[in-house]
Amino acid sequence: MANFSNGRQQEPAGDLPPRLPLAIPLTTRPPTGHPRCKCVEDVLAFLDDAAASERLPSVPDDVTTIGDLGLPPRVTRVLDANGLTDLDELLTRNERELLAMPGLGPGALRAVIDALESHDLALAIDPWAPYECARHGVAQWDVTLCTHFLCDACCGDFVNNSFDGEGPVFEGTPHEGRCSHCNLVRDLRVRQWLLCTWCDRVLRSLGRSIASSRFIMETWTERIAPEVPSIELREVDEPRLVRRDADTIAAKVASADFEGVSTETGELVFAIELKTGKSYISGDAIGAKMGTFQLDQSDCDDITTVAARDGVPVYLFHAQVIDRVEPPTVRFAPVAFWWTDMFSMHDNFIESRTRPRETKIAAYYNTAMFGTLPELVEHLRDGGPDRLKQRIGDEGLPSLY
Numbered sequence: 006m007a008n009f010s011n012g013r014q015q016e017p018a019g020d021l022p023p024r025l026p027l028a029i030p031l032t033t034r035p036p037t038g039h040p041r042c043k044c045v046e047d048v049l050a051f052l053d054d055a056a057a058s059e060r061l062p063s064v065p066d067d068v069t070t071i072g073d074l075g076l077p078p079r080v081t082r083v084l085d086a087n088g089l090t091d092l093d094e095l096l097t098r099n100e101r102e103l104l105a106m107p108g109l110g111p112g113a114l115r116a117v118i119d120a121l122e123s124h125d126l127a128l129a130i131d132p133w134a135p136y137e138c139a140r141h142g143v144a145q146w147d148v149t150l151c152t153h154f155l156c157d158a159c160c161g162d163f164v165n166n167s168f169d170g171e172g173p174v175f176e177g178t179p180h181e182g183r184c185s186h187c188n189l190v191r192d193l194r195v196r197q198w199l200l201c202t203w204c205d206r207v208l209r210s211l212g213r214s215i216a217s218s219r220f221i222m223e224t225w226t227e228r229i230a231p232e233v234p235s236i237e238l239r240e241v242d243e244p245r246l247v248r249r250d251a252d253t254i255a256a257k258v259a260s261a262d263f264e265g266v267s268t269e270t271g272e273l274v275f276a277i278e279l280k281t282g283k284s285y286i287s288g289d290a291i292g293a294k295m296g297t298f299q300l301d302q303s304d305c306d307d308i309t310t311v312a313a314r315d316g317v318p319v320y321l322f323h324a325q326v327i328d329r330v331e332p333p334t335v336r337f338a339p340v341a342f343w344w345t346d347m348f349s350m351h352d353n354f355i356e357s358r359t360r361p362r363e364t365k366i367a368a369y370y371n372t373a374m375f376g377t378l379p380e381l382v383e384h385l386r387d388g389g390p391d392r393l394k395q396r397i398g399d400e401g402l403p404s405l406y
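Quick note on numbering: the sequence shown equals residues 6 to 406 in my numbering.
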């Protein structure tokens with residue numbers, strides 16, 4: 006993984022902030038007795054010491070030559086053929102430089118890395134290597150510096166739950182505004198992490214999802230619950246950014262965003278999958294009208310899985326959330342939401358195809374499948390969930406794509 010400073014270090018020096026650029030180039034030195042204050046000379050001396058300590062790791066006493074590493078003879082011969090006979094010189098090279106040497110392939114490189122690690126040593130960090138994404142821990146070329154305006158609570162949540170304890174590489178001064186995640190007015194700081202394009206996009210979308218979920222709960226409390234007091238709505242899967250690694254992906258379990266529960270028996274009545282976008286479907290025209298509704302096939306599979314596992318109908322909600330500028334960020338403003346059921350999705354399915362500029366396959370639907378809020382109230386009041394449950398029992402779960 007690439008590091009920002011100028012030396013070929015193995016680890017950031019003890020008192021230097023990790024992965025941050027040095028503000029003063031190590032190659033720039035003022036003349037002796039420069040009229041600038043003494044503290045500048047002290048800082049430069051500190052940077053000299055730090056850089057010197059970074060350039061090479063401390064070599065254990067029992068390892069003085071490349072031969073002491075215990076490398077396979079063929080690897081030692083390849084290194085020798087390329088002029089690498091000195092251990093200190095080997096430690097100044099990075100993986101890219103070794104792979105560029107004739108006869109030294111990935112297998113030999115792996116042997117060198119393993120041998121060095123067995124003695125608590127490592128190759129130099131490649132200053133030209135791709136950066137590592139803070140979320141999924143993989144170095145790739147689209148990883149770049151990404152800026153977010155976050156309150157302390159949301160920043161802490163990202164550090165602990167999304168970025169494996171890795172704090173921002175930069176934090177600005179505090180100022181008041183809407184957090185780009187929770188979207189509440191708080192004391193904010195500019196926070197920057199190294200993120201890939203995909204993870205940055207997911208992080209930016211979560212604020213709208215949170216505003217959307219909040220809107221559904223508020224609308225239920227104010228406009229639906231008084232008409233359908235027999236059903237309580239519970240949010241069971243809050244929008245959050247988890248670390249994307251093999252263990253997290255393997256542990257993922259299909260779940261709905263909301264559950265409707267009987268206030269009398271506590272039994273599950275239905276579940277809801279919520280999607281958020283900027284387009285409207287019908288009614289008051291704010292923004293752009295949606296042509297067709299797109300849903301990733303993986304989300305379709307989650308809906309079917311939840312319905313089969315829990316034995317209840319699953320509804321799909323689409324909430325329209327638009328941006329209203331409130332510098333330095335925006336307010337995520339919910340406008341309306343629409344709903345549909347699994348059988349309507351089946352009847353209005355058009356086709357499946359790969360989304361533009363993506364690799365995921367999405368199912369496309371006619372937006373006529375969606376109903377309005379008044380229609381939802383009437384559906385719930387008249388026993389719609391029970392009828393859908395009975396239909397599923399009679400006909401089986403409908404295919405969604």
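Ideal placement from N, C-alpha and C gives every residue a C-beta, glycine not left out.
Use the C-beta contact count for residue i: other C-beta atoms within 10 angstroms, 16 or more gives buried, fewer gives exposed.
| i | result |
| --- | --- |
| Glu171 | buried |
| Asp85 | exposed |
| Ala216 | buried |
| Arg79 | exposed |
| Asn188 | buried |
| Val330 | exposed |
| Gln395 | exposed |
| Glu243 | exposed |
Mapping DSSP to helix, strand and coil, what is residue i?
| i | result |
| --- | --- |
| Arg386 | helix |
| Lys420 | With the chain covering only 6 through 406, there is no way to say anything about residue 420. |
| Trp203 | helix |
| Gln145 | coil |
| His351 | helix |
| Cys184 | coil |
| Phe375 | coil |
| Asp131 | coil |
| Thr70 | coil |
| Phe342 | strand |
| Val329 | Before going further, note that residue 329 is Arg rather than Val in the sequence given. It is a strand residue. |
| Asp192 | strand |
| Gly401 | coil |
| Asp391 | helix |
| Thr310 | helix |
| Cys138 | coil |
| Leu126 | coil |
| Ala324 | strand |
| Asp91 | coil |
| Val83 | helix |
| Ser235 | coil |
| Ala113 | helix |
| Ile286 | coil |
| Leu246 | coil |
Quick one, are the C-beta atoms of residue i and residue j less than 8 Å apart?
| i | j | result |
| --- | --- | --- |
| Leu150 | Leu199 | yes |
| Ala120 | Leu92 | no |
| Ala368 | Val319 | no |
| Gly265 | Val274 | yes |
| Arg82 | Leu128 | no |
| Asp131 | Glu100 | yes |
| Glu380 | Leu321 | no |
| Ser267 | Trp343 | no |
| Leu300 | Met347 | no |
| Leu109 | Asn87 | yes |
| Phe175 | Ala139 | no |
| Ala116 | Leu76 | yes |
| Leu96 | Leu126 | yes |
| Arg191 | Cys156 | yes |
In whole angstroms, what separates the C-alpha of residue i from that of residue j?
| i | j | result |
| --- | --- | --- |
| His141 | His384 | 43 Å |
| Asp147 | Gln197 | 15 Å |
| Gly401 | Lys294 | 33 Å |
| Val258 | Ala276 | 15 Å |
| Ile118 | Pro339 | 53 Å |
| Ser357 | Val164 | 37 Å |
| Ala144 | Asp352 | 44 Å |
| Asp315 | Met222 | 22 Å |
| Ser284 | Leu393 | 28 Å |
| Pro179 | Asp162 | 18 Å |
| Phe298 | Trp133 | 43 Å |
| Arg213 | Leu246 | 13 Å |
| Leu193 | Thr152 | 12 Å |
| Ile236 | Thr377 | 19 Å |
| Ile291 | Pro361 | 25 Å |
| Thr364 | Gln302 | 12 Å |
| Asp307 | Met374 | 19 Å |
| Pro231 | Arg386 | 11 Å |
| Gly296 | Gly389 | 27 Å |
| Ile366 | Phe354 | 14 Å |
| Gly271 | Arg206 | 38 Å |
| Thr32 | Ala324 | Low local confidence applies: a pLDDT of 33 at Thr32 is under 50, so the model's placement there is unreliable, and no value is given. |
Assess contact between the stretch 327 to 339 and the stretch 178 to 193, defined as three or more Cβ pairs (one per stretch) separated by less than 8 Å. Is contact present? Taking a cut-off of 8 Å for Cβ pairs, the stretch 327 to 339 and the stretch 178 to 193 touch, as three or more such pairs fall below it.
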